[in-house]
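As given, the protein sequences belong to chains A and B, one line each in that order.
Start counting the first sequence at 1; every next residue gets the next number (the numbering used here).
Start counting the second sequence at 1; every next residue gets the next number (the numbering used here).
No residue lacks a Cβ here, since even glycine has one placed at the ideal position from N, Cα and C.
Computed from a predicted structure; not experimentally measured.
Number of protein chains: 2
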Amino acid sequence: MPKQTFYNLEKDKKDRLIEACLEEFSSYTFTDSSINRIIKNSDISRGSFYQYFENKEDCYMEILGMIAKEKYELFKDVVSDESHGVFDDYLNMLKQVRVWMEAQPRYYKIGLLMQKDDSDFIRKLNEKNPSMNDYFIYLIKKDQDKGFIRKDIDPYLLSEVLTSTSQKILLELFENKEYDLMIEKSKQIIHLLQNGTKVL
Amino acid sequence: MPKQTFYNLEKDKKDRLIEACLEEFSSYTFTDSSINRIIKNSDISRGSFYQYFENKEDCYMEILGMIAKEKYELFKDVVSDESHGVFDDYLNMLKQVRVWMEAQPRYYKIGLLMQKDDSDFIRKLNEKNPSMNDYFIYLIKKDQDKGFIRKDIDPYLLSEVLTSTSQKILLELFENKEYDLMIEKSKQIIHLLQNGTKVL
DNA sequence: AATACATATGACAGGGGTGTCATATGCCTA
DNA sequence: TAGGCATATGACACCCCTGTCATATGTATT
C-alpha cells in the first residue's frame, strides 16, 4: 500500500505522477517499466517517489486499484437486462469492452501487457482475477435449461471457445478499431457456433 | 550471420555455447535474455562471444535457424496423407505438434516466448512466419468443394476459430502434458463446430 | 627461429536500473 | 523564536547490461 504521503500530495503533483505512471505502465510490461522514466516524466525526485511508494510493485498496485475503481464507476449503472442467452451476452460484452477501450485505451493496454508478463508478481495478480469463463459457463448452463443449447454440450468447452475467439476479436478491435466489422464478425461466429458447419 | 569463427569452433565448446543459448532463450524473452548469462553458463569469455556473433540478434537468429533445421529433419518424412478434411487435419496437426513438443520442449518454449516479445526485432520475425491460418483456409475451401462444409461459411472465419482454439489447447498441452485429454477436448470442439449448439 | 594469422581474453567505457540516506526545506506549534 | 515534524532531494552504493579493444596465446608456414 502507498504511504500516507502519497494521499496527502497536492493535486497537481499527484496528477503528474499518476499520468506518468499510466504512460509508463501502458507502454511497458511491469517488468520492463522503469521508475527512472516515471520520475523523469513527472518531474519528481527519486527520493520523493520512495516517500510515496514502497517500490515499483506498490506503485503498480495503486494504479491497478485506480483503474478498477474507474471501471466500476463507468459500469455500475449498466444493470444487465435479463439475459437473452449467452450469445446475446457475448455481443453485449463486446459492446461494453469497446466502451471501456475507447474511454480508457491506456487502461486496456495495461491489461494486455499484464498478460505478456511472466514475472511472479504479475502471474499471481493474473491468477486472482477470475476470467469471463466462469460467467459464460453459468450462462450456458442456463441456456441449456431453457432449451436453447443442446444438453450434450459441455458448458466449459463452449465457454472456452467463446473466450478464446472473443480475445482475438478484442485484440483486433483494439488494434484497428473497426467496431462494426468486429460486431459483424462476432455475429458470424455465433451463427457458426449455433448452426455448425455440416451440410444438412 | 555468425562469423566463420563460430563454425570453426571445436565441438565441445560449440555445444556448450549452444546449450547455454537454448537455456537462455527458452527461459527469457529475446529482449530479456542476456549475453552475460550465456557466457557465464557456457564458460566462454565475453570477447570470444563477440568473435562468434555480431551481437545478440545474430546469435538468436543462428539458434532459430538450428531449430528450423531440426524441425525439418524431424518431419520431412511425415508425408501428409491425402487430407480427410480440415477437422481431421486439425487433429493431425495436434499430434504432430505434440511430437515436436515432447522431442524439443525448449524449442517450443522459445516459440511461445517469441509471441510475448514486443520488440521490433521479434515483431518483424513473427510477421515473416505465415501462421497455420493460411493452410486451414485452403483446406476449408477444399472441404466446401467436396460438400463437407456449408458454402455460406466464411473460410477465413472458421480458420480463425480453429487457430484460436488450437492455440489454447496447445498451451494447455504444453503446460500439463495430458495428451489424451487434449485430443478428447479437440474432438469435442470439432463435434461442436460441426453440429452447432442448436437444439433441433 | 621468425613471421603471420586465428583465436581468446577480460578490463573498460558507457548505458540503464533500484533503493537508501544524510541533508535541506517548509510548516506548524509551543 | 525555537523546536519538532512532514516532506523533498539528489548523490551514492550497488546491481545489471552491451559492445570494444589492446593484449595474450596458440598454431601454421616460411
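- Burial check for V86 of chain A: the Cβ neighbour count within 10 Å reaches 16 or more, so the residue is buried.
- Look at S164 of chain B: its C-beta is under 8 angstroms from a C-beta on chain A.
- The beta carbon of R106 of chain B sits closer than 7 angstroms to the beta carbons of L22, S26 from its chain, once the five residues preceding and following it are set aside; these are given in chain order.
- Under the DSSP assignment, Y135 of chain B falls in the alpha helix (DSSP H) whose first and last residues are 132-146.
- For I153 of chain B, the chain A residues whose Cβ falls inside 7 angstroms of its Cβ are L192, T197, in order along the chain.
- For E178 of chain A, not one C-beta of chain B is nearer than 8 angstroms to its own C-beta.
- Runs of alpha helix (DSSP H) with 4 or more residues, each lying fully within the segment 73-120 of chain A, are found at 86-103, 105-116, listed in chain order.
- Taking C-beta atoms as the reference points, F174 of chain B and D117 of chain B fail to come closer than 8 angstroms.
- CA-to-CA, the gap between N41 of chain B and S131 of chain B works out to about 34 angstroms.
- Residue contact check for I110 of chain B against chain A: no CB pair falls below 8 angstroms.
- DSSP, reduced to helix, strand and coil, places S34 of chain A outside both helices and strands of the structure shown, so it counts as coil.
- The Cβ atoms of I183 of chain B and L94 of chain B sit closer than 8 angstroms to each other.
- Within chain B, the residues D154, L157 have their CB atoms less than 7 angstroms from the CB of Q188 of chain A, given in chain order.
- Taking every protein chain shown into account, the CB of G147 of chain B has fewer than 16 other CB atoms within 10 angstroms, so this residue is exposed.
- Between W100 of chain B and Y108 of chain B, the CB-CB gap stays under 8 angstroms.
- When 9 angstroms is used as the limit between beta carbons, R150 of chain A is near these residues of chain B: N195, G196, T197, K198, V199, L200, in chain order.
- Rounded to whole angstroms, the separation of the alpha carbons of M1 of chain A and G65 of chain B is 47 angstroms.
- Cβ contact annotation for M61 of chain B (same chain, cutoff 8 angstroms, sequence separation greater than five): M1, in chain order.
- For V161 of chain B, the nearest CB of chain A lies under 8 angstroms from its own CB, placing it at the interface with that chain.
- Here the C-alpha atom of I44 of chain A lies approximately 14 angstroms from the C-alpha atom of T5 of chain A.
- With fewer than three CB-CB distances shorter than 8 angstroms, the segment 157-164 of chain A does not count as touching the segment 120-130 of chain B.
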